[in-house]
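Trainee: One structure is given below, represented as C-alpha cells, and several questions about it will come after.
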Amino acid sequence: AIPLVVAINTSLAAKNGMLVRDRIAMEQARELDTVVFDKTGTLTRGEHGVVGIATVDGVDETDALGLAAAVEGDSEHMIARAIRHAAVERGVAPPAATDFEALKGRGVRATVDGQEVYVGGPNLLDRLDVTVPDDLATFAEDAGENARTVVYLLRDGDLVGAFAMADVIREESNAVVDALHDLGIEVAMLTGDSRAVAHAVADELGIDTVFAEVLPEDKDKRIRQLQDEGKLVGMVGDGVNDAPALARADVGIAIGSGTDVAVQSADVILVRNNPMDVVRLVKLSTASYRKMQ
Ligand code: ADP
Ligand code: MG
Numbered sequence: 153a154i155p156l157v158v159a160i161n162t163s164l165a166a167k168n169g170m171l172v173r174d175r176i177a178m179e180q181a182r183e184l185d186t187v188v189f190d191k192t193g194t195l196t197r198g199e200h201g202v203v204g205i206a207t208v209d210g211v212d213e214t215d216a217l218g219l220a221a222a223v224e225g226d227s228e229h230m231i232a233r234a235i236r237h238a239a240v241e242r243g244v245a246p247p248a249a250t251d252f253e254a255l256k257g258r259g260v261r262a263t264v265d266g267q268e269v270y271v272g273g274p275n276l277l278d279r280l281d282v283t284v285p286d287d288l289a290t291f292a293e294d295a296g297e298n299a300r301t302v303v304y305l306l307r308d309g310d311l312v313g314a315f316a317m318a319d320v321i322r323e324e325s326n327a328v329v330d331a332l333h334d335l336g337i338e339v340a341m342l343t344g345d346s347r348a349v350a351h352a353v354a355d356e357l358g359i360d361t362v363f364a365e366v367l368p369e370d371k372d373k374r375i376r377q378l379q380d381e382g383k384l385v386g387m388v389g390d391g392v393n394d395a396p397a398l399a400r401a402d403v404g405i406a407i408g409s410g411t412d413v414a415v416q417s418a419d420v421i422l423v424r425n426n427p428m429d430v431v432r433l434v435k436l437s438t439a440s441y442r443k444m445q
C-alpha cells in the first residue's frame, strides 16, 4: 500500500518561526538519526571577550593588542570584533594597516609599518609551519583547559603574542541536547575551533560526537562521513562557513540572524534564533507526516 502522508501545514510552521524552503527535507526531519550543530554562535552565543593576553619577552601587551586590532580591522569574524573591542576598552589606538587578507578558517593577515602581521588560531600556525614558544604554550594550554579560544599574533614570521577569548554557552543548549536525546537523536558538534575548546563545550552539554579544527572547506565532508555510515543527518548553523555543510545535510537548518549564504543553503530557516526550535521542528515534522492507515 502507498502510505498517505498529511501535508505539512506551512502556516503552522511559520507560526512557529520556521520558514520551510524544502518540503521533502521538512518531511525527513522526523527520521533524523543525527543532528550536527555548529559551535560558535549556535551552541554558544558567539560573543567573545578577550580574557587574557600573553607576549614574548620584549613585547608590550598593549602594543600586541593594538597590532592585532589593526590586522583585524577589516574582518567581520566574532574573534575580530572581540579583539577590536578589547583595544577600544583599554584605550589602545591601532596603528594603520593595509593589504588585508582573510584566510578562511585560519585567521587574517595585513601589512603594518612594512611588517607582515598575522592573527589566527592553530590552523594558521600549521599553515605557516610555526611552533609555539614555551612561555606561550603554557598560556595556551591553560586557556584550552578553561575552554578559551586562543589566537596568536605573528610579526614578520615571529610568534610574539597570544590572546585568550571566552565565549558563553547559550542557556538553551543543554535542554536542546537533552530533548534530542529523548527523541532518540544523536548530537554532534562541528567547529573550526580547537579540540580543547570543542571538547570542553561538548562535555558540558553531553554531546556525543565532536569534529574540531575542521577547515571551512572540509565541513561538508564530516556530514558526508555520517551519511556514509547510513545516517540521516541534520545540520544547524548560521555562518558563511556552514553553508556547504547545510547544503550537504539531509536537513539543513539555518538559525537566527544567519548570513545570506547560510540561509540560501538551508532547507529550513529558524527565524527566532532559538536552538530549541530544532526540537520543535522534529516534533512538527512527526505530527504533520504521520503515516495514515
Ligand atoms: P567556527 O567553526 O567556530 O565558526 P571558523 O571556521 O570561523 O570557526 O574559524 C576557525 C578558527 O580560525 C577560529 O577558531 C580561529 O582560530 C581562526 N580564525 C578565523 N577567523 C579569524 C580571525 N578573523 N581572527 C583570528 N582567528 C581567526
Ligand atoms: Mg557559527
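FYI, the numbering for the sequence shown is 153 to 445, going by the numbering used here. Virtual Cβ for every residue (Gly too), placed ideally from N, Cα, C. Everything numeric in this text was worked out from a predicted model, so none of it was measured.
Name the DSSP bridge partner or partners of I205?
Mentor: The partner list for I205 (beta bridge, DSSP) reads F315.
Trainee: Please list, following the chain, all residues that have a C-beta closer than 5 Å to any non-hydrogen atom of the ligand ADP.
Mentor: Any residue whose Cβ sits closer than 5 Å to a heavy atom of the ligand ADP makes the list: T192, S227, H229, I231, A232, G257, G259, V260, V271, G272, G273, V303, T343, G344, D345, N393.
Trainee: State yes or no: is the C-beta of D251 within less than 8 Å of the C-beta of A238?
Mentor: It is not a contact, given that the beta carbons lie outside the stated cut-off.
Trainee: Where does the unbroken alpha helix (DSSP H) through R322 begin, and where does it stop?
Mentor: Run containing R322: none; DSSP gives neither H nor E here.
Trainee: Please work out which residues of its chain come closer than 6 Å, Cβ to Cβ, to E338, disregarding the five sequence neighbours upstream and downstream, and give them in chain order.
Mentor: Counting only Cβ-Cβ distances below 6 Å, and skipping sequence neighbours, we find T186, D360.
Trainee: Return the chain-ordered ranges of every alpha helix (DSSP H) run that is complete within the segment 336 to 396 and spans a minimum of 4 residues.
Mentor: Here the runs fully enclosed are 347 to 357, 371 to 380.
Trainee: Rounded to whole angstroms, how far is the Cβ of A397 from the Cβ of I421, which I believe are closer than 8 Å?
Mentor: In fact, because the Cβ distance is near 15 Å, the residues do not count as touching under 8 Å.
Trainee: Put R182 into one of helix, strand or coil per three-state DSSP.
Mentor: Helix, per DSSP.
Trainee: One question on the structure: do D258 and R279 come within less than 8 Å of each other, judged by their Cβ atoms?
Mentor: This sequence places Arg at residue 258; Asp is not what is there. Yes. Within cutoff.
Trainee: For the segment 339 to 353 and the segment 295 to 304, state whether three or more C-beta atom pairs, one from each stretch, are separated by less than 8 Å.
Mentor: Result yes; three or more Cβ-Cβ pairs closer than 8 Å.
Trainee: Please list, in chain order, all residues of the same chain as V413 whose beta carbon is under 8 Å from its beta carbon, the five residues on each side excluded.
Mentor: For V413, where only same-chain residues beyond five positions count, the Cβ hits under 8 Å are V392, A395.
Trainee: Could you tell me the boundaries of the beta strand (DSSP E) in which E297 lies?
Mentor: Looking at the DSSP string, E297 is not in any beta strand (DSSP E); the run it does join, the alpha helix (DSSP H), is 286 to 297.
Trainee: Compute the Euclidean distance between the alpha carbons of P155 and N426, then round it to the nearest angstrom.
Mentor: Legend: pLDDT at P155 = 39, less than 50; position of this residue unreliable, value from coordinates given subsequently. The straight-line gap from Cα to Cα measures roughly 33 Å.
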